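Shown next, in structure tokens, is the structure this report addresses.
Numbering (this note's numbering), first residue to last: 11 to 238.
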């Protein structure tokens, strides 16, 4: 019996140690309609631990074409392209989520190309308790259209409660129809060629929805949306 209790204690402690203190949500693909403009991304970081956390942000460049650059903002400061770890902390209370303090930025300088950056967030003093995401920045939507004339990012933030946004690019007009889980149309948004779109969802009930991208009377893509 004592051995069994000891085994349970060890397993419980192991699960506790492996539990991450933070969750990170947001789109992992960002498009831009103009490669001469800076492409930016947003993420929501939430403290899911039972105590206050002072959070650092670290970036790792997975791939980036020569002549292009990236930088990020965190904890009230923005850092140059050579900075890997933020010097500022963001304090999150237990259960608190923040969706405006992080910003990832990519400059293609009017060229075609894309970059993939990994962003990791972790409590100060414990880099092993990290939560990481990969974001691909497309420096020019035209570089995507060469192989795929229609492209739409995921909804972000997701889950959401007041609004969502997404980036898109295609060669013709289209519409996005949001439907509930029963197949009822609850919103329709007309889209023109390329850009970033904000949608007010504050009037929708909590639950699971699907965004259907329609072009020439055909469903081109389906994106899942969770409203909390």
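For every residue, glycine included, the Cβ atom is placed at its ideal position computed from N, Cα and C.
All values derive from a computational prediction rather than experimental measurement.
- Counting along the chain, the unbroken beta strand (DSSP E) around residue 68 starts and ends at 63-73.
- In the DSSP assignment, residue 185 is bridged to 200, 224.
- DSSP lists 166, 208 as the bridge partner or partners of residue 175.
- In the DSSP assignment, residue 133 falls within the beta strand (DSSP E) that extends over 124-133.
- The Cβ atoms of residue 134 and residue 30 do not sit closer than 8 Å to each other.
- Beyond the five residues adjoining it in sequence on each side, residue 174 comes within less than 8 Å, by CB distance, of 165, 166, 167, 168, 208, 209, 211, 235 in the same chain, given in chain order.
- Each residue's CA atom was taken as its position, placing residue 80 and residue 218 some 34 Å apart.
- By DSSP's assignment, residue 120 forms no beta bridge with any residue.
- Here residue 179 is buried. Its C-beta has 16 or more other C-beta atoms within 10 Å.
- In this structure, residue 53 lies near residue 34, with their beta-carbon atoms less than 8 Å apart.
- Selection 111, 41, 72 evaluated against residue 89 yields 111 as nearest (Cα-Cα).
- The segment 83-97 makes contact with the segment 68-75: 3 or more CB pairs, one atom from each, lie closer than 8 Å.
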